[in-house]
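A.B. asks: Input: one structure, supplied below.
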Amino acid sequence: MFLFVIIGSLLVDAYSLWKGHRLEYRHFTFHSSKISKEFSFVHISDIHIGSRFLSHSQEIVDKILPLHPNFVVITGDLTDSPNIQIEELMPFKSLTSQCPVYLSTGNHDYITGIEYLKPMLITCGIILLENTLVTEEELQCSIIGTNDAQSEKKYINEMNKVSNEVNANTFNIILQHRPHGYQQTCEKGIYDLMLSGHTHVGQFAPFNILVYLFFKKAYGLYTIKSKDNKHQMHLYTHPGTGAWGPHMRSAGTNDITIFHIKP
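Printed below as a string of structure tokens:
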């Protein structure tokens, strides 16, 4: 019996290691009357550069390039070390030369240090959105990036401020590292899609169960409706494009998520 337990544990570990290094595509399609022509973008999250092999970043970029998205968004935790070097971010240079790449902060990016990170982001062409927005005029789309907020209250305060700059007539995508404050975001009546990450779907047992105690919408696509039912938006909580801590996962997958927005 003991031998079977050992073999079973080794098989689970081997599977988790394999899954922790594998990248998968996931596609979603939405229709919006706010736009006049179709566009697509890629959502990645929680890569944790600094605690991963450099080859993982290169593999992510290599899998995105053939998709030819109009832009890419990263919902935080791009990095995960105070000793990050520019070479570790350079794989993204070939991506930013093809399309804009927008980043909102995650809690692990603050381990690196945002001010320390900023010059490297500029060198690589990654655009950091700190409680601000950018509008892709040709696409009739705005991307709103909010800083990582440990509390829902802090996020709501930041979201309320930046919302004053948002044009309700464009397709509006708001980035927030943690999947909270979505109801208040929906109540604004101006957002079409909220993108988050952070949870990794717990990554492995028993955290894949415990994570739902902290975040009710810890993974996947959700429809959020305003209390008066006059507005709805979608929330997508990304499972992570990388693994945190050990490069293993039995819950979720390392995803590259592609959104297709059509008139």
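Read left to right, the sequence shown gives residues -16 to -1, 1 to 247 (mature numbering (1 follows the signal peptide of the UniProt record, and there is no 0)). From the three backbone atoms N, C-alpha and C, an ideal C-beta is built for every residue, glycine too.
1. Quick one: grab the DSSP three-state call for residue 76.
2. Classify residue 146 as helix, strand or coil using the three-state DSSP reduction.
3. Per DSSP, residue 128 is paired with what?
4. Just how far apart, CA to CA, sit residue 135 and residue 16?
5. Would you report the Cα separation of residue 21 and residue 66, rounded to the nearest angstrom?
6. Looking at the structure shown, is residue 22 part of a helix, part of a strand, or coil, going by DSSP?
7. Please report the Cβ distance between residue 95 and residue 113, rounded to the nearest whole angstrom; I am assuming they are in contact, meaning their Cβ atoms lie under 8 Å.
8. Per DSSP, residue 204 is paired with what?
9. So residue 177 is in the beta strand (DSSP E); what residue range does that whole segment cover?
10. Verify whether the separation of the beta carbon atoms of residue 181 and residue 222 is less than 7 Å.
11. Tell me, which residues are paired with residue 7 by DSSP?
12. Could you pull the start and end residues of the beta strand (DSSP E) that residue 68 belongs to?
13. Taking 7 Å as the limit between beta carbons, can you name the residues of its chain near residue 226, skipping five residues before and five after?
14. With respect to the alpha helix (DSSP H) encompassing residue 101, which residues constitute its N-terminal and C-terminal limits?
15. Check the C-beta distance from residue 70 over to residue 104 and give it rounded, since I have them as a contact under 8 Å.
16. Are residue 130 and residue 115 close, meaning C-beta to C-beta below 7 Å?
C.D. replies: So, from the data block:
1. Residue 76 sits at position 92 when you count from the first residue of the sequence shown. Reduced to three states, the DSSP call for residue 76 is helix.
2. Here residue 146 refers to the residue found at position 162 when the sequence shown is read from its first residue. Collapsing the DSSP output to three states places residue 146 in a helix.
3. Residue 128 sits at position 144 when you count from the first residue of the sequence shown. Paired residues: 117, 158.
4. Position 151 of the sequence shown, counting from 1, holds the residue named residue 135. Position 32 of the sequence shown, counting from 1, holds the residue named residue 16. Straight-line Cα distance between these residues: approximately 31 Å.
5. Reading the sequence shown from its first residue, position 37 is the one you call residue 21. Reading the sequence shown from its first residue, position 82 is the one you call residue 66. Put simply, the backbone Cα of residue 21 is about 42 Å away from that of residue 66.
6. As a first step, residue 22 must be located in the sequence shown, where it is residue number 38. The answer is coil: DSSP assigns residue 22 none of H, G, I, E or B.
7. In the sequence shown, the residue the question calls residue 95 occupies position 111. In the sequence shown, the residue the question calls residue 113 occupies position 129. Not confirmed; about 19 Å, so no contact.
8. As a working note, residue 204 is residue 220 in the sequence shown. Answer is 221, bridged to residue 204.
9. Residue numbering aside, residue 177 sits at position 193 when the sequence shown is read from its first letter. Segment 177 to 180, the beta strand (DSSP E) holding residue 177.
10. To locate residue 181, count along the sequence shown from 1; it is residue 197. To locate residue 222, count along the sequence shown from 1; it is residue 238. Cβ atoms of residue 181 and residue 222: closer than 7 Å.
11. Locating residue 7 in the sequence shown gives position 23, where the first residue counts as 1. According to DSSP, residue 7 bridges with 238.
12. For the purposes of this step, residue 68 is taken as the residue at position 84 of the sequence shown. From DSSP, residue 68 is part of no beta strand (DSSP E); its letter is neither H nor E.
13. Here residue 226 is taken as the residue at index 242 of the sequence shown, counted from 1. Around residue 226: 30, 31, 32, 36, 40, 238.
14. As a first step, residue 101 must be located in the sequence shown, where it is residue number 117. Start and end: 98 to 108.
15. Locating residue 70 in the sequence shown gives position 86, where the first residue counts as 1. Locating residue 104 in the sequence shown gives position 120, where the first residue counts as 1. Contact holds; Cβ gap of about 5 Å.
16. Translated into positions along the sequence shown, residue 130 becomes position 146. Translated into positions along the sequence shown, residue 115 becomes position 131. In this structure, residue 115 lies closer than 7 Å to residue 130 by Cβ.
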